[in-house]
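Working notes, structure below.
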Amino acid sequence: MATFAAPPVLDETTLLPKKLAHSRPLFDPPIVRRAVRESLVKLNPATLAKNPVMFVVEVGAALTTIFLVRDIFIHASGTGFYLQIALWLWFTVLFANFAEAMAEARGKAQADTLRKTKTDSMARRIAPGGAIEVVPASKLRAQDVVICQVGDIIPGDGEVIEGIATVDESVITGESAPVIRESGGDRSAVTGGTKVLSDQIKIRITSNPGETFLDRMIALVEGAERQKTPNEIALNILIAGLTLIFLLAVVTLQPFSGYAVSSAGSGEIPSVAVLVSLLVCLIPTTIGGLLSAIGIAGMDRVIQHNVLAMSGKAVEAAGDVNTLLLDKTGTITLGNRQAVEFAPVDGVSGPELADAAQLASLADETPEGRSIVVLAKQAYNLRGREVADHEAHFIPFSAYTRMSGVDLNGRRLRKGATDVIVQFVIEKGGVIPPNFTEMSDRISRTGGTPLAVADGGRLLGIVHLKDIVKGGMHERLEHLRAMGIRSVMITGDNPLTAAAIANEAGVDDFLAQATPKDKMEYIKKEQAQGRLVAMTGDGTNDAPALAQADVGVAMNTGTMAAKEAGNMVDLDSNPTKLIEIVAIGKQLLITRGALTTFSIANDVAKYFAIIPAMFMATYPALNALNIMRLHSPQSAVLAAVIFNALIIIALVPLALRGVKYKPESAARMLRRNLLIYGIGGIIAPFPGIWLIDRLLGMLHLA
Amino acid sequence: MTSIGVLNVVVYFVVILLVTKPLGVFMTKLFAGERTFLHPLLRPLEKLTYRLCRIRETSEQRWTQYTASLIAFSLMSFLFAYLIQRLQGFLPLNPMHFGTAKAPAGATAMTPDLAFNTAVSFVTNTNWQNYGGETTLSYFVQMTALTVQNFVSAAAGVAVSIALIRGFARKQANNIGNFWVDLVRATLYIFLPLSLLGALFLCSQGAIQNFRKYATVTTMEGATQTIAQGPVASQEAIKMVGTNGGGFFNTNSAHPFENPTPLSNFVQIFMIFAIPAGLTYTFGMMVADKRQGWALFAAMSVLFLAGVLVCYPAEQAGNPLLAKLGLETRATNLQSGGNMEGKEVRFGIPTSALFAVITTDASCGAVNSMHDSYTPIGGLVPLFNIQLGEVVFGGVGAGIKGMLLFAILAVFIAGLMVGRTPEYIGKKIEQKEVKMAMLALILMAANILVFTGVSSVAKFAQNGYWNSPGPATANVNNNGPHGFSEILYAYTSTNGNNGSAFAGLNGNTPWYNLSLGLATLIGRFLFIIPMLAVAGSLAAKKKLPVTSGTLPTHGALFVGLLIGTVIIVGALTYFPALSLGPIVEHFLMRQGKLFSMAFFSIWS
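Those sequence lines, one after another, are chains A and B.
So that you can map any letter, position 625 of the first sequence is 625 in the numbering used here, and since no number is skipped, the others follow by simple counting.
So that you can map any letter, position 311 of the second sequence is 1311 in the numbering used here, and since no number is skipped, the others follow by simple counting.
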């Protein structure tokens, strides 16, 4: 297990950390400039045709413009009104383009930064004969072996096959502290573009040019490979379908009004511009204009959390996850166990045990050993002593003896696993105190690890080592539960210890003495019940489980096999990130749902604005529906169109940032969001359209 | 509203509430192949039917086969019904000699286009009638062509809804049941016993059942009157319980031989909602969460009661112009008050309004009053009810199908707001479901709007086949927005397979017979086929476990959301059309303008 970076600081009420690795302000001036340019380019009907809703708006705008030109030529009246309609229809398209361009521009800016680091370096390749030849990095193929020395840029993704080196990976991770890469084990993967800071390593290249991690990362942040996710496609079908229905409602209004006009004997059939205005107001332009921006921004948010998602589908799946597999060490607990209690056997005092334990731990540089020294000082004010080498002989821990200690002034102080120390004591002719086994069991039951301490044949007692559950973990798991997500702790501990920690941390289930095979089976079992499973992993033996999981997050420090098996890579290698990823996935879906609901709910008010205006001359009685008391038919239509366009631009920040997300049960979330975006969506346009109508009146525009 | 009127509504609703569970349990057992209390009696008959028709009871069908069976069955039914009508002159039980030279004066000829319209109409459970039964059809046709279709088209509707529910209930399954078995079971165990009981009860109230020639009597004023006869009760019961709605007589359930007493009237409206209400419980039972069924029931109930609460007061308030003239329009002990035009005195305003709302909520289409004579708002309710998609209890089977379509949409739109890809009853709602639901919605909207649009502006040539010369709108009785409502209502009713007429439209011309028939076919099959596709797609899916992160679809919140979706989708689609019909008519009436019968062309 690699060591993990400290988790970011968390806000109590949200699951999203405040400080983000790749964050940038929402409206960065260069990004805005770029987006404005792009939104004009996106007017090209060929590209816009992919978005049925906005394509309909563009066709409507074009139609209105053509009729406007005709009217100007034949000197028809009312061209000022039609000009304004046409302009605002074009603005509607531009605003939607701008939203998408804004979302894309953020990724593109980041891709540019990455690209700058991708200079074409030279590589020292070892030819089959053993000779070293210098070739451009772009000429390297998979299976080539290269040598990298201090100061070299690693020419491609690969596996260290010989040597050990410190490597600066800040290009990829943004983290400036160097990391160690060595042959064998789980820290053998190196990434092209990173820099060797010390020593020399031999690397077997694993990817061909153009397919490296950096290339993939650039493509991902740039959104070049962006494919619509299944949910996005389904939503697109829904809004395209609604567009068709409204198209039918508006197109058939022409013959209906034909009948009405001839029957009432007054008024006239609404003009194309007015019919187009009604259509554009009704079709879900808000969500249609912002849908792709929401998706791109969601991916961007994942990247800002320093996670690379290989597909938008994975991010979406994260929102659906039912079961989170969390590794105990480093995720739920701090990486190391700590001494929390000295439990002397009968006839031994606390300070005596603490003294012996401290002496036995003086040379022990492991976190456990250090924590014993610290606890002895805290509990009994025993200071760590300098012990000269000539009077002491330290016995380091070994896997064979499973104990460590010190020989000092003839004393043979030992600490270690209880069974080993018991054996040691018996060998030295000591006896085991009667309450010892009971004490050791008590500690095991509560999830601690008993560490026995002996002074030669005399068994002194037990140091209680404990896994420390990370602060706030209990609350976070509580939040997950509220969201309907079960958390499962994976640990190599025995079931007794695992159960105790699981209980303390508040996970719903645990998998003790877990082998990679156990993990795999657990995932399959959950999936068979229809659950979606997310997990993190870094080792090669995690790879099958990462591939099996619906959301598999590989640690960047992990092996290449793990990174390829997962559908996300966490560049910070922080396994707690899984919880944030789930939150981002949910936020993405909520944003989509909220804006769709808002968009449809908005239509109610627009009908009340436009329908009476349309038939003012034919059926003046319909003015009873003009509940906003808009002052003229022209201004009513115009106000609705303007509101419809402005709401897109007003919601761009919401689309890019995502709606506020608070972990809570689905029922509460639905109630709140329905209130805000459903009921709010029905009400909001009434004052909005009314206000625009007043402004138009004041400015004598209609 | 009068207290007796309100009591009527309350008692009615309570009775429906009471039968929902027992009927639901019965149907669940029946379609699961379990024994019911009727099995000792009917099982031999069921087995015999399978043997005669070579149906293998245990084999099941994929959704495509299920659909193909339905279509094949409907096609054969259509040909059968069409031929019998066309050949009625050569067939027995024809005391009035319809279809022959000896037919009474004023009889309607059974032309090919009218026979097409009628056959389509009865095969699809629509029962739109461009003819008057007593002036057009022999008893043989009424019984073998129409009544038989009343049974089997209703049974087919139930079968399809059961298949759709199976889609939600099953997991990772290929099949959604056997159409033929479902059809036989629905006919034998549900419709046959209920119709038998219903027919006997109606006879007890005074409905007739005979094969006599029409009676000619001298009235008290000394005038001669022909009184039509026939096997009415046997057709009447299934007309209601199968939500068919095609009357034996032209005036349908307003006719004293069809619907003689207030009590028979109550039983008739009870029969309309009984099975659709029971199916909501069946849904809950089949998906193993009864709350889900009650949620649908609740949504339907709210929409139903809302309709009553708009329609009944509007009718009771009557026409403000009469009040302005100083006439008493309030209900008193001596008079009903309100708008009694086109209503039967024995039913009065409350049960007429209640009947109108129920018959259009369910795609029944039987009427006991003239919807054309309702006040604009009172008439708007039946029209809008049908436009909602016949989901308020709906026709037998059709209601639950439509409501499930809206549930899918509601879950898809709002379900995203809980941060998960949408799911309903443990099934993920994805591309396929959304595509099919939207397809059905679009086709329904297109069907109503395009046909109405064409008929509002179409003009016919002199001596043409399609219609009498001039505009198609000349076939309506009233000008102005009311005339528009009459056309809109016709296509709405046929699309919704309702079959009730606003009336006021002369539909027996080739243009209207064929276009209304086509609208009927589209409304039936292009709605059912996408929904069966949904059933197939859902059945194949895994069932997801319910967690606190799952959108709850059984609480008041979801019921509200579902109602909102139904109303908003309906309103957004049809508001422009409605605003040019009943809505503007309402405001014009308040300004003192009415649209009386006007047999002149508005274009002249």
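Quick reminder that beta carbons are idealized off the backbone N, C-alpha and C, glycines included.
All of these numbers come straight from a predicted model, not from anything done at the bench.
Chain order gives the chain A residues near Leu1551 of chain B as Ala666, Leu670, where near means a beta carbon separation below 7 Å.
Closest in C-alpha terms to Leu1183 of chain B, from the list B:Glu1344, B:Leu1030, B:Val1010, B:Phe1384, comes B:Leu1030. The C-beta separation of Ala376 of chain A from Ala354 of chain A comes to about 4 Å, placing the pair in contact by the 8 Å criterion. Within 7 Å of the CB of Thr1547 of chain B, the CB atoms of chain A belong to Asn322, Gly484, in sequence order along the chain. The C-beta of Arg1170 of chain B has 16 or more other C-beta atoms within 10 Å across all chains shown, which makes the residue buried. With a threshold of 8 Å between beta carbons, Ile600 of chain A makes contact with chain B. Under DSSP, Ala392 of chain A shares a beta bridge with A:Leu408.
When only Cα atoms are considered, Ser1515 of chain B and Asp28 of chain A end up about 59 Å apart. At a cut-off of 4 residues, the continuous stretches assigned as alpha helix (DSSP H) that sit fully inside the region 1134-1170 of chain B are 1148-1169. Rounded to whole angstroms, Leu1083 of chain B and Gly1230 of chain B show a C-alpha spacing of 21 Å. Secondary structure note for Phe510 of chain A: its beta strand (DSSP E) is the uninterrupted segment 509-511.
The beta strand (DSSP E) runs of length 3 or more contained entirely in the region 180-221 of chain A are, from start to end of the chain, 201-205. Non-local C-beta neighbours of Trp1180 of chain B in its own chain, meaning closer than 6 Å and more than five positions away in sequence, comprise Ile1055, ordered along the chain. For Thr1452 of chain B, a Cβ of chain A is located within less than 8 Å of the residue's own Cβ. Interface criterion not met: the Cβ of Met1300 of chain B is under 8 Å from no Cβ in chain A.
For the region 218-246 of chain A, the set of positions with a beta-carbon nearer than 7 Å to some beta-carbon of chain B reads Pro230, Asn231, Ile233, Ala234, Ile237, Leu238, Gly241, Leu244, Ile245 in chain order.
Contact residues of the region 242-273 of chain A toward chain B are Leu242, Leu244, Ile245, Phe246, Leu248, Ala249, Val250, Val251, Thr252, Leu253, Gln254, Pro255, Phe256, Ser257, Gly258, Tyr259, Ala260, Ser262, Ser263, Ala264, Gly265 (C-beta to C-beta distance below 9 Å). Relative to Met568 of chain A, the option among A:Ile579, A:Ser599, A:Thr536 whose CA is nearest is A:Thr536. The alpha-carbon of Lys1542 of chain B is positioned some 23 Å away from that of Ile237 of chain A. Inclusion of Ile147 of chain A and Ile132 of chain A in the CB contact set at 8 Å is warranted, their separation being smaller than that value. For Thr591 of chain A and Gly1247 of chain B, the gap between their C-alpha atoms comes out near 52 Å. For the options A:Ala76, A:Ala482, A:Ser349, A:Gly552, the alpha carbon positioned closest to that of Gly506 of chain A is the one of A:Ala482. Under the three-state reduction of DSSP, Leu334 of chain A is assigned to strand.
Taking a Cβ-Cβ cut-off of 8 Å, the neighbours of Gly319 of chain A in chain B comprise Gly1419, Arg1420, Thr1421, given in sequence order. Counting C-beta pairs with one atom in each stretch, the region 292-311 of chain A and the region 598-616 of chain A have fewer than three that are closer than 8 Å, which means they do not touch. Around the beta carbon of Pro450 of chain A, 16 or more other beta carbons lie within 10 angstroms, which makes this residue buried. Here Arg1420 of chain B is buried: its Cβ has 16 or more other Cβ atoms, across all protein chains shown, within 10 Å. His464 of chain A is bridged by DSSP to A:Glu341, A:Pro450.
In summary, the residues of the region 1565-1583 of chain B whose CB is separated from some CB of chain A by less than 7 Å are Ile1568, Leu1572, Thr1573, Phe1575, Pro1576, Ala1577, Ser1579, Leu1580, in the order they occur in the chain. Looking at the DSSP output, Glu159 of chain A sits in a beta bridge with A:Ala189, A:Arg204.
Restricting attention to B:Pro1350, B:Asn1368, B:Ala1398, B:Leu1325, the CA atom closest to the CA of Ala1440 of chain B is found in B:Ala1398. Beta-bridge annotation (DSSP): Glu1423 of chain B is paired with B:Lys1428. Partner residues in the beta bridge of Ile147 of chain A, as assigned by DSSP, are A:Arg124, A:Lys202. Straight-line measurement puts the Cα of Thr1553 of chain B at about 8 Å from the Cα of Val1559 of chain B.
For Asn1477 of chain B, the nearest beta carbon of chain A is not closer than 8 Å to its own beta carbon. Contact fails between the region 1505-1521 of chain B and the region 492-499 of chain A, because fewer than three Cβ pairs, one in each stretch, are under 8 Å apart.
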